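>
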Amino acid sequence: MAKKQFKTESKKLLDMMVNSIYTHKEIFLRELISNASDAIDKLYFRSLTDDTVTLKKEDYEIRITLDKESRTLTLRDNGCGMTREELENNLGTIAKSGSFDFKNDPEHKDKEQIDIIGQFGVGFYSAFMVSDHIVVESRAHGAEDAYRWESRGADGYTVEPCAKDSVGTVITLHIKEDGEEEKYSDFLDEYHIRGLVKKYSDYIRYPIRMLTENRRLKEGSKDEFETVTEDETLNSMVPLWKKNASDVTEEEYTTFYQEKFYDWEVPLKVIRQKTEGVSNFESLLFIPSHAPYNYYSRDFEKGLQLYSSGVLIMEHCKDLLPDYFSFVRGLVDSSDLSLNISREMLQHDRQLKAIAKAVEKKIASELSKLQTSDREKYEKFYDAFGAQLKWGIYNDFGMHKDVLQDLLLFRSSFEGKYVTLKEYVSRMKEEQKKIYFASGESVEKISLLPQVESVIAHGFEVLYLTEDVDEFALQMLRTYGEKEFSNVCQDNLDLATEEEKESLKEENESAKDLLDWIKESVGDGLHAVRFTGSLKNHAACLSSEGALSANMEKVLSKNPGNQAANIKAELVLEINVHHPIADKLKKLFESDKDTLAKYSKVLYAQARLVSGLSIENPAEISELVCDLMVN
Ligand code: ADP
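For the sequence shown, the working numbering gives the first residue as 49, with consecutive numbering after it.
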């Protein structure tokens with residue numbers, strides 16, 4: 049019989065498939081199963097209005113048969129089948145719907161080959177990646193005759209009549225011999241095929257069946273095994289996210305989550321979303337109850353699984369999740385996306401962007417709901433992932449603050465609990481102009497800072513920032529509503545009355561020489577020395593001028609590779625003007641400048657320690673203190 053030639057483009061594509069270097073050869077099975085499922089869909093829909101279709105819904109199936117001896121994998125469906133013309137047109141030509149334009153001849157250009165596999169509906173042809181001889185036998189619904197389409201690759205195909213007593217299609221793939229790099233025999237292995245069906249086609253609506261051999265204990269025996277052949281349905285068919293929310297139990301969600309995302313704990317929250325209209329998709333999302341061990345490392349791969357009408361098309365679709373919600377696990381299933389869309393194209397896909405936007409909104413609103421409905425749970429969530437939200441504020445120059453700022457929690461001087469910014473502001477006194485915060489290693493240490501004591505004494509609440517990222521995030525926020533943030537350890541803390549300010553100004557001016565002497569004595573690290581009136585009992589404290597606080601300097605210096613690692617905060621030593629030490633210093637300035645120099649160093653060292661900074665010259669300070677003790 050005369051061989052027919054493939055259309056030019058098809059031939060090129062076929063060539064690429066035959067010699068494919070595409071790494072995901074296994075997707076051929078997904079493609080063929082999806083075709084079979086579409087064919088069944090067509091017949092099923094026809095049956096709704098056409099009495100000549102006698103199959104009932106439960107009769108439909110897709111069947112896989114493996115034969116190691118003849119090296120064949122057979123896929124059989126009882127869908128609509130194809131007429132002779134359809135076999136020729138559908139399998140002889142590719143991409144009837146899309147424009148398949150080989151502008152640059154992609155032959156021998158490996159990279160482009162991969163792109164093309166990803167970009168077009170190559171479906172059926174992908175079978176040539178794993179087989180060198182394909183036979184398709186099909187009988188269309190309503191037709192008396194069946195036809196066999198057969199091809200051994202790019203040199204053409206034949207179509208001839210054949211015997212087939214039921215409607216549907218049988219595709220037989222003669223699997224290639226194993227090569228040095230490819231083990232094609234895997235596609236004849238029951239276990240492997242079962243895994244591929246589970247991975248890519250678990251939610252195909254019709255049963256995908258295969259006769260499987262299973263070993264089990266002989267009935268009535270305790271140690272004798274037998275091998276039994278069973279007709280097994282490989283796919284679970286109805287995706288959890290397609291079921292009515294009211295029909296799914298907590299346990300089902302938990303099992304699904306644990307199996308799919310390899311977590312042993314129960315998820316903290318399950319989120320379901322269904323959108324119809326501009327974009328059609330469903331999502332099933334989980335907030336884990338703890339961060340995975342590699343969450344804050346480079347290994348962690350964010351992303352949601354992406355399905356197209358129940359068929360998995362991507363395992364980790366990064367574009368579906370912003371970094372600040374990277375902890376969310378789950379999946380999106382959309383009927384708007386084509387099965388064969390490539391990664392490169394997805395990035396620019398408008399549908400996908402719209403979905404991502406909607407998913408982000410949903411996550412934000414669910415977290416916000418959780419914050420009010422179950423604060424305890426929310427705090428647990430926040431302990432695990434709060435840092436990520438704060439990084440989200442810091443990154444991209446605060447672009448996402450509107451989504452994130454109300455999700456933040458900070459410890460505060462108010463009952464020592466976590467508070468939101470909204471709660472803080474709602475408690476602000478009328479005369480309070482700013483949102484006060486202080487940072488340090490722990491709540492305990494921060495609460496003992498001289499400046500914190502004094503702000504609290506004024507009746508104001510202070511946020512306690514204990515994580516590295518905190519202050520950077522607040523600096524990026526700058527304000528919450530109308531209110532500015534103010535670091536109580538920063539020089540511009542403004543709590544004094546006009547009168548107090550005036551008298552302090554005079555005090556500082558008249559003691560200028562003394563203060564300069566102290567600064568000189570301490571040396572390089574210090575930017576300025578001043579008297580302050582706002583400390584309660586402490587003799588001195590450390591504050592800073594400019595954008596970088598002492599704590600931020602500490603954080604930056606932890607990472608020596610960081611460009612900013614050597615930037616120093618401009619430290620100011622503030623001495624309590626109402627403390628007896630102030631008088632002592634003044635007296636020494638008149639009588640004994642050497643001792644004053646020693647006192648200055650000790651005072652500065654104390655202030656550093658109280659602020660949670662280390663002393664740069666501990667041996668010298670220790671000696672000085674001893675010196676003062678014995679004299
Ligand atoms: P696509 O599925 O993207 O259209 P394919 O090359 O996979 O491209 O398939 C081409 C066409 O062949 C399908 O659109 C369908 O009409 C037909 N076809 C493929 N497999 C089957 C099948 N099992 N039963 C009926 N028709 C099929």
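Heads up, the beta-carbon is just placed ideally off N, CA and C, and yes, glycines get one too. Values in this document were obtained by computation on a predicted structure and should not be read as measured data.
#1: Leaving out the 5 sequence neighbours to the left and right, which residues in its chain are closer than 7 Å to residue 311 when beta-carbon positions are compared?
#2: Work out the CA separation of residue 372 and residue 128 for me, nearest whole Å.
#3: If you drop the 5 nearest sequence neighbours on each side, which residues of the same chain put their C-beta closer than 8 Å to that of residue 52?
#4: Would residue 232 and residue 61 be called neighbours here (beta carbons separated by less than 8 Å)?
#5: Which class does residue 589 belong to by DSSP, given the choice of helix, strand or coil?
#6: For residue 567 versus residue 576, is the C-beta spacing smaller than 8 Å?
#7: Is it true that the segment 107–123 meets the segment 255–263, where meeting means three or more beta-carbon pairs spaced less than 8 Å apart?
#8: Straight-line CA distance for residue 79 to residue 242?
#9: Whose C-alpha, out of 616, 84, 228, 564, is nearest the C-alpha of residue 648?
#10: What do you reckon, is the C-beta of residue 126 under 7 Å from a heavy atom of the ligand ADP?
#11: Going straight from the alpha carbon of residue 582 to that of residue 543, what length do you get?
#12: Which first and last residues belong to the alpha helix (DSSP H) in which residue 94 is found?
#13: Out of curiosity, what's the CA-to-CA distance linking residue 287 and residue 246?
#14: Straight-line CA distance for residue 58 to residue 134?
#15: With a threshold of 8 Å on Cβ separation, who are the neighbours of residue 202 within its own chain once the five nearest residues in sequence on each side are excluded?
#16: Nearest-angstrom Cα distance between residue 494 and residue 487?
#17: Taking the Cβ atom as the reference point for each residue, do residue 296 and residue 331 lie within a distance shorter than 8 Å?
#18: Identify which residue in 329, 408, 458 has its Cα closest to the Cα of residue 358.
#19: Is it the case that the CB of residue 458 approaches a heavy atom of the ligand ADP more closely than 7 Å?
#20: Determine the direct distance from the alpha carbon of residue 340 to that of residue 435, and round the result to whole angstroms.
#21: Taking three-plus beta-carbon pairs below 8 Å as touching, is the segment 401–409 in contact with the segment 462–475?
#22: In angstroms, rounded to a whole number, what distance separates the CA positions of residue 485 and residue 526?
#23: Once the 5 residues before and after residue 452 are set aside, which same chain residues still bring their CB inside 7 Å of it?
#24: Pair every Cβ in the segment 79–98 with every Cβ in the segment 261–280, then say whether three or more of these pairs are closer than 8 Å.
#25: Going straight from the alpha carbon of residue 596 to that of residue 523, what length do you get?
#26: Just the C-alpha distance for residue 223 and residue 313, rounded to the nearest angstrom, thanks.
#27: Quick one, which of 182, 190, 50 has its alpha-carbon nearest residue 91's?
#28: According to the Cβ coordinates, are residue 262 and residue 278 closer than 8 Å?
#29: Applying the 10 Å Cβ sphere with the 16-neighbour rule, what's the burial state of residue 448?
#30: Are the Cβ atoms of residue 184 and residue 131 separated by less than 8 Å?
#31: Taking the beta strand (DSSP E) that residue 346 falls in, what are its first and last residues?
#32: Tell me whether residue 61 counts as near the ligand ADP, meaning its Cβ is closer than 7 Å to at least one heavy atom of that ligand.
#33: Is there at least one non-hydrogen atom of the ligand ADP closer than 7 Å to the beta-carbon of residue 173?
#34: Among residues of its own chain, excluding the 5 on either side of residue 370, which ones have a beta-carbon nearer than 6 Å to its beta-carbon?
Quick answer:
#1: The residue you call residue 311 lines up with position 263 of the sequence shown. Closer than 7 Å at Cβ, skipping near neighbours: 305, 336.
#2: The residue given as residue 128 occupies position 80 in the sequence shown. The residue given as residue 372 occupies position 324 in the sequence shown. If I take the Cα positions, the gap works out to 47 Å.
#3: The residue given as residue 52 occupies position 4 in the sequence shown. Here the set comprises 136, 140, 204, 205, 206, 207.
#4: For the purposes of this step, residue 232 is taken as the residue at position 184 of the sequence shown. For the purposes of this step, residue 61 is taken as the residue at position 13 of the sequence shown. Contact flag unset, no.
#5: By 1-based counting over the sequence shown, the position of residue 589 is 541. Shown here, residue 589 sits in a strand according to DSSP, grouped into three states.
#6: Against the sequence shown, residue 567 aligns to sequence position 519. Against the sequence shown, residue 576 aligns to sequence position 528. Contact: yes.
#7: Touching, yes, given that three or more Cβ pairs across the two stretches are closer than 8 Å.
#8: Residue 79 sits at position 31 when you count from the first residue of the sequence shown. Residue 242 sits at position 194 when you count from the first residue of the sequence shown. About 15 Å.
#9: As a first step, residue 648 must be located in the sequence shown, where it is residue number 600. The candidate whose alpha carbon is nearest that of residue 648 is 564.
#10: Taking the sequence shown and counting its residues from 1, the one referred to as residue 126 is at position 78. Residue 126: no, Cβ never under 7 Å from the ligand ADP.
#11: Here residue 582 is taken as the residue at index 534 of the sequence shown, counted from 1. Here residue 543 is taken as the residue at index 495 of the sequence shown, counted from 1. One C-alpha to the other measures close to 7 Å.
#12: As a working note, residue 94 is residue 46 in the sequence shown. Taken as a continuous stretch (DSSP letters only), the alpha helix (DSSP H) holding residue 94 covers 75–97.
#13: For this step, residue 287 is matched to residue 239 along the sequence shown. For this step, residue 246 is matched to residue 198 along the sequence shown. Approximately 12 Å between the Cα atoms of the pair.
#14: Taking the sequence shown and counting its residues from 1, one reaches residue 58 at position 10. Taking the sequence shown and counting its residues from 1, one reaches residue 134 at position 86. Those two C-alpha atoms are separated by around 16 Å.
#15: On the sequence shown, residue 202 is found 154 positions in, with the first residue counted as 1. Hits under 8 Å: 54, 59, 62, 63, 66.
#16: The residue labelled residue 494 in the question sits at position 446 within the sequence shown. The residue labelled residue 487 in the question sits at position 439 within the sequence shown. Rounded to the nearest angstrom, the gap between the Cα atoms of residue 494 and residue 487 is 6 Å.
#17: Counting from 1 along the sequence shown, the entry for residue 296 is found at position 248. Counting from 1 along the sequence shown, the entry for residue 331 is found at position 283. No.
#18: As a first step, residue 358 must be located in the sequence shown, where it is residue number 310. The option with the nearest alpha carbon to residue 358 is 329.
#19: Translated into the one-based positions of the sequence shown, residue 458 becomes position 410. Distances taken from the Cβ of residue 458 to the heavy atoms of the ligand ADP include none shorter than 7 Å.
#20: To locate residue 435, count along the sequence shown from 1; it is residue 387. To locate residue 340, count along the sequence shown from 1; it is residue 292. If I take the Cα positions, the gap works out to 14 Å.
#21: Segment contact: the segment 401–409 against the segment 462–475, fewer than three CB-CB distances shorter than 8 Å; contact not assigned.
#22: For this step, residue 485 is matched to residue 437 along the sequence shown. For this step, residue 526 is matched to residue 478 along the sequence shown. Their backbone Cα atoms lie some 12 Å apart in a straight line.
#23: Working through the sequence shown from its first residue, we reach residue 452 at position 404. Hits under 7 Å: 372, 437, 440, 441.
#24: Pairwise C-beta distances place the segment 79–98 out of contact with the segment 261–280, as fewer than three of them are shorter than 8 Å.
#25: Position 548 of the sequence shown, counting from 1, holds the residue named residue 596. Position 475 of the sequence shown, counting from 1, holds the residue named residue 523. Near 10 Å, if we compare the C-alpha coordinates of residue 523 and residue 596.
#26: One-based indexing of the sequence shown puts residue 223 at position 175. One-based indexing of the sequence shown puts residue 313 at position 265. The alpha-carbon atoms of residue 223 and residue 313 are separated by roughly 42 Å.
#27: Taking the first residue of the sequence shown as 1, we reach residue 91 at position 43. Answer by Cα proximity: 190.
#28: Counting from one through the sequence shown, the residue named residue 262 turns up at place 214. Counting from one through the sequence shown, the residue named residue 278 turns up at place 230. Going by C-beta atoms, residue 262 is nearer than 8 Å to residue 278.
#29: One-based indexing of the sequence shown puts residue 448 at position 400. Residue 448 comes out buried.
#30: As a position in the sequence shown, residue 184 is number 136, starting the count at 1. As a position in the sequence shown, residue 131 is number 83, starting the count at 1. Going by C-beta atoms, residue 184 is not nearer than 8 Å to residue 131.
#31: Your numbering for residue 346 matches position 298 in the sequence shown. From DSSP, residue 346 is part of no beta strand (DSSP E); its letter is neither H nor E.
#32: On the sequence shown, residue 61 is found 13 positions in, with the first residue counted as 1. Residue 61: no, Cβ never under 7 Å from the ligand ADP.
#33: Indexing the sequence shown from 1 puts residue 173 at position 125. Taking 7 Å as the cut-off, the C-beta of residue 173 counts as close to a heavy atom of the ligand ADP.
#34: Along the sequence shown, read from residue 1 onward, the residue named residue 370 stands at position 322. Shown here for residue 370: same chain residues with a beta carbon closer than 6 Å to its own, the five before and five after excluded, namely 408 in chain order.
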